[in-house]
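Input: a single structure, listed below in structure tokens.
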Amino acid sequence: MSEQNAAEARETYDVAAVEARWLPVWEELQPFRADDDSPREKRYALTMFPYPSGDLHMGHAEVFSLHDVVARYWWQRGYEVLNPMGFDSFGLPAENAAIRNDEHPATYTYGNIQTSIESCKHLATSFDWSRTFNTSDPEYYRWTQWLFLKLREQGLAYRKKSPVNWCPNDQTVLANEQVVQGMCERCGAEVTKRDLTQWYFRITNYAQELLDDLDVLAPTWPDRVVTAQRNWIGRSEGAHVDFAVPGRDEPLTVYTTRPDTLFGATFMVVAADAALAQELVTEEQAPALASYLEEVRKASEIDRLATDRPKTGVYLGVDAVNPVNGEAIPIWAADYVLADYGTGAIMAVPAQDQRDWDFATRFDLPIVRTVQPPEGWEGEAYVGDGPAVNSANDSVSLDGMGVDEAKRTIIAWLEERGVGRGTVNFRLRDWLLSRQRFWGPPIPIVHCDTCGEVAVPEDQLPVRLPEDLKGADLKPKGVSPLAAAENWVNVECPQCGGPAKRDSDTMDTFVDSSWYFLRYCSPHDDHQAFDTDLVNAWGPCDIYIGGVEHAVLHLMYARFVTKALADMGLVGFREPFAAQLNQGFVINRGKKMSKSLGNGVSLGEQLREYGVDAIRLTLVFAGPPEDDIDWAEMSPSGSLKFLQRAWRLSGDVTSAPGTDPTTGDVGLRRVTHKTVHECGGLIESHRFNVAVARTMELVNATRKAIDSGCGPADPAVREAVEAVAVLLSLVTPYVAEEMWQRLGHEPTVARAGWPVVDEALLVEESVTAVVQVQGKVRGRLEVSPDISESDLEALALADAAVVRAIDGRPVRKVITRAPKLVNVVV
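Taken in order, the sequence shown gives residues 0 to 825; the numbers are from numbering that gives the first Met the number 0.
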């Protein structure tokens, strides 16, 4: 190593000083402020709305680092990039903190937001901070309330009384999507049922389109997210079948996916907690049902649906008539049917459903097989395919038919007689959005004894939350704390001027996040929720990066709202996110980070010890974005050493900026241009870790070229180091900026532009062909990339080292894979 290079190698890269130097420069330059009027092609990069729970953690650092690679790459490629950031700042954590600390939730929320913004800036994320907003800002939730009213105008928001999921800990209702295995998704408490009057969005109106458009999204969305949405929407084809009930004007209608098994329906089951059970039960059986219902309400839904629970039920004292054979079949109430499934009642076919079989054997009810099991079948209920049996009456016979044909035949028969109809059903239920808590957008409805439900006029929005409630005022009481705020809840009716009350529930925070990406396009517009022209210019989002935990909840709701707004003519697209990328989790020693496990890792401590760039590089280089990262197996110290090696290269370059690289070393230029070319494709296919590996190889190749005689003055060295700086700017902004300055350029490297690739340098002049004899390498040949297999074989057999290895033995076979391999078998 030369004396100069030795001196350079002893230089110290001062992480803290570099970070302190560049933050104010970037703050002044604002290199990532998106220009609505730019003539450049627009790209919209969006990361999922974070909740301001305190300072950033390792998970935030990971998703922001991965997201930044894409956003910064697009800037380098010449796009105008919208990359905004805000905070999903309503919700229970802030409210619970306010109760603990006897303060208003805004105190906790806005303090955390300021901390998060400062940390994001320190992390050097390329967000456009000029567009920042928070969902708890009245200027934002004014338009969330407007959205509610627009959906209500379209018949997509309504209020009804029904059994709902109730979290006894948080004292609020939950949407079906917020119940995970019978537990509250947020706090883990066991969820119960309550009858309440609540607000819903009619998302089921879009069930088929939500399902169909997954085919469009499948190529650019993660498979597991598409699958989760398909399963949650849960389309099934079957029939609604009417069972007459003597003495009742209306028939009892059930939905079934297997109308071909109607001849085997030997009893019916109604959900014990459905209103239908109360309608049907006879006076004599009413006490038994009431007693049974008390027991049913103690069980969670997950317990009720368990297949291994002993079956219980109560006969309602009334029978129905099976429309295919005229037989009277008893109607029972039981807990294994849920009130919100279909019509709340099922036809029970015990021979084809194990739960029905268990119920029938428990209560000694008939079992009739209508599908022939395979020969040798010794089980109980048979749920597979097979020919229909015992399925005929005077006007139709299904016997011998397969399931599909039998379904079509019986549906046609039912429709012809007016006792049934083919039907498509969905598992998806309407979105329950009412919440009995304080820290959320108030529902803009006034309840008047004279006028009923009255919408708050748009010019009176926002309906603001009161500022004088805090601490004990906010404790959950089973109804919203707003109901007790008399000065707030008691108002004049906007329609008649009489006394009225505000709706005291607030909206689910998923309403806030169902449209926030539209607001970013015109975040400071006081006259409308969003500017339609700007939304159509920027949207839909070209990429959406965030956690897979939102596979159903947030993504389904955002898709629904976008489609509804498109139908109102307010947006020009029907899907909000053209592509999506999910990151994995940052774990430690094989487990999720937790204080109780003693394996938590402080992001702040890691940043102080290794610097922002080393942590970002470690997270991006760890593996494919969707894989989990075990921090115990990572080496931020190794990342820092690499960055120091790259930084030292910029001090080695002695040629002037703008020097013509075409006069430089061709070998190094080939490596540089191949690396830039490959990195572009790797980033676009989200293989960020491999792009980092290629950049590391370029650093090594450049150092080798300098040390082996190419020399620091060679224009190819400058070209290579400048390429390294641009490539690193996507992942490690501080080092890249420092290198760029040392190379004699003005800031910022983030807007330097992607290096132009010379296609001629991507064409290899020669490749190394390996020649093996009996599987052992005996020679290497430099050959043309387009050499024929016959010519390569001839060269290999003529090579002196290969001739010695064959040693006169007859050649049995030559396997040639031009241009890289020849294997000689003797």
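Quick reminder that beta carbons are idealized off the backbone N, C-alpha and C, glycines included.
For residue i, name the three-state secondary structure that DSSP assigns.
{"i": "Asn175", "result": "helix"}
{"i": "Val402", "result": "helix"}
{"i": "Pro329", "result": "strand"}
{"i": "Trp21", "result": "helix"}
{"i": "Leu616", "result": "helix"}
{"i": "Ala550", "result": "coil"}
{"i": "His446", "result": "strand"}
{"i": "Arg416", "result": "helix"}
{"i": "Trp74", "result": "helix"}
{"i": "Gln435", "result": "coil"}
{"i": "Lys297", "result": "coil"}
{"i": "Thr219", "result": "coil"}
{"i": "Glu574", "result": "coil"}
{"i": "Leu251", "result": "strand"}
{"i": "Tyr609", "result": "helix"}
{"i": "Val824", "result": "strand"}
{"i": "Thr106", "result": "helix"}
{"i": "Leu580", "result": "strand"}
{"i": "Gly650", "result": "helix"}
{"i": "Tyr12", "result": "coil"}
For my contact list, residue i and residue j are in at a C-beta cut-off of 8 Å; report their separation, rounded to the angstrom.
{"i": "Thr143", "j": "Val455", "result": "That belief does not hold up - the Cβ atoms of Thr143 and Val455 are roughly 13 Å apart, past 8 Å."}
{"i": "Val313", "j": "Tyr335", "result": "Actually they do not touch by this definition, with Cβ atoms about 13 Å apart."}
{"i": "Ala712", "j": "Ala724", "result": "18 Å between Cβ atoms; not a contact."}
{"i": "Asp272", "j": "Val295", "result": "6 Å"}
{"i": "Leu315", "j": "Leu279", "result": "5 Å"}
{"i": "Gln579", "j": "Tyr609", "result": "Wrong, their Cβ atoms sit about 30 Å apart, outside the cutoff."}
{"i": "Ser787", "j": "Ala768", "result": "Not quite, the Cβ-Cβ distance comes to about 12 Å (not below 8 Å), so this is no contact."}
{"i": "Phe516", "j": "Leu150", "result": "Not quite, the Cβ-Cβ distance comes to about 17 Å (not below 8 Å), so this is no contact."}
{"i": "Val388", "j": "Pro322", "result": "Actually they do not touch by this definition, with Cβ atoms about 19 Å apart."}
{"i": "Tyr733", "j": "Val611", "result": "6 Å"}
{"i": "Arg428", "j": "Thr203", "result": "7 Å"}
{"i": "Val770", "j": "Gly778", "result": "4 Å"}
{"i": "Val453", "j": "Val224", "result": "The pair is not a contact, with the Cβ atoms about 40 Å apart (cut-off 8 Å)."}
{"i": "Val172", "j": "Ser479", "result": "With a Cβ gap of about 11 Å, Val172 and Ser479 do not count as contacting."}
Going along the chain, which residues of its own chain have a beta-carbon closer than 6 Å to the beta-carbon of residue i, five neighbours each way excluded?
{"i": "Pro104", "result": "Ala93, Glu94, Ala97, Trp438"}
{"i": "His523", "result": "none"}
{"i": "Tyr205", "result": "Phe559, Lys562"}
{"i": "Thr114", "result": "Asp54"}
{"i": "Thr694", "result": "Leu726"}
{"i": "Ser513", "result": "Tyr556, Ala557, Val560"}
{"i": "Glu184", "result": "Gln177"}
In chain order, what residues of the same chain lie with their CB nearer than 7 Å to the CB of residue i, ignoring the 5 residues before and after it?
{"i": "Asn841", "result": "Here the chain covers residues 0 to 825 and nothing more, so residue 841 does not appear."}
{"i": "Leu618", "result": "Ala60, Glu61, Ser64, Ile628"}
{"i": "Leu28", "result": "Pro746, Thr747"}
{"i": "Leu606", "result": "Ile614"}
{"i": "Pro250", "result": "Asp241, Phe242, Ala243, Val244"}
Where DSSP assigns a beta bridge to residue i, which residues make up the other side?
{"i": "Lys826", "result": "What is shown of the chain runs 0 to 825, which leaves residue 826 out entirely."}
{"i": "Pro623", "result": "In DSSP, Pro623 forms no bridge with anything."}
{"i": "Trp165", "result": "Val172, Thr191"}
{"i": "Arg52", "result": "A small correction: the amino acid at residue 52 is Ser; Arg does not occupy that position in the sequence shown. Its beta-bridge partners do not exist; DSSP assigns none."}
{"i": "Ala97", "result": "For Ala97, which the question treats as bridged, DSSP gives no partner whatsoever."}
{"i": "Asp664", "result": "Note: Asp664 sits in no beta bridge, so no partner."}
{"i": "Cys183", "result": "Val178"}
{"i": "Pro83", "result": "Asp127"}
{"i": "Glu236", "result": "Val423"}
{"i": "Glu452", "result": "His446"}
{"i": "Phe242", "result": "Leu251"}
Considering only residues of the same chain and omitting the five flanking positions on each side of residue i, which have a CB-CB separation below 8 Å?
{"i": "Glu465", "result": "It should be noted that the sequence gives Pro, not Glu, for residue 465. Excluding positions up to five away in sequence, the list reads Leu481, Ala484, Asn486, Trp487."}
{"i": "His676", "result": "Val756, Leu761"}
{"i": "Asp212", "result": "Arg558, Arg573, Glu574"}
{"i": "Gln170", "result": "Gln435, Arg436, Pro475, Lys476, Gly477"}
{"i": "Ala471", "result": "Ile98, Asp101"}
{"i": "Val825", "result": "Val772, Gln773, Ile805, Arg808, Pro809, Val810, Arg811"}
{"i": "Ser636", "result": "Tyr609, Ala613"}
{"i": "Asp536", "result": "Note on identity: in this sequence residue 536 is Ala, with Asp being the wrong assignment. Asp35, Lys41, Cys520, listed in sequence order."}
Practice task
Only counting runs of 3 or more residues, tell me where the beta strand (DSSP E) segments fall wholly within the stretch 744-822, in order along the chain.
Solution key: Complete beta strand (DSSP E) runs here, min 3: 766-772, 775-782, 812-816.
Exercise for the section: Quick one: which unbroken alpha helix (DSSP H) runs of 4-plus residues sit fully inside the stretch 456-543? Chain order, please. Expected result: Listed in chain order, they are 485-488, 508-511, 515-518, 531-537.
Practice task
Output the residue ranges of the alpha helix (DSSP H) runs that lie fully inside the stretch 309-393 and measure 4 residues or longer, sorted by chain position.
Solution key: When DSSP assignments are scanned along the stretch 309-393, the uninterrupted stretches of alpha helix (DSSP H) that are 4 or more residues long and fall wholly within it turn out to be 353-362.
Practice task
Would you mind listing the alpha helix (DSSP H) stretches within the stretch 681-713 that are 4+ residues and don't spill past its ends, in chain order?
Solution key: Fully enclosed alpha helix (DSSP H) runs of 4 or longer: 687-704.
Practice task
Quick one: which unbroken beta strand (DSSP E) runs of 3-plus residues sit fully inside the stretch 256-295? Chain order, please.
Solution key: Runs found: 266-270.
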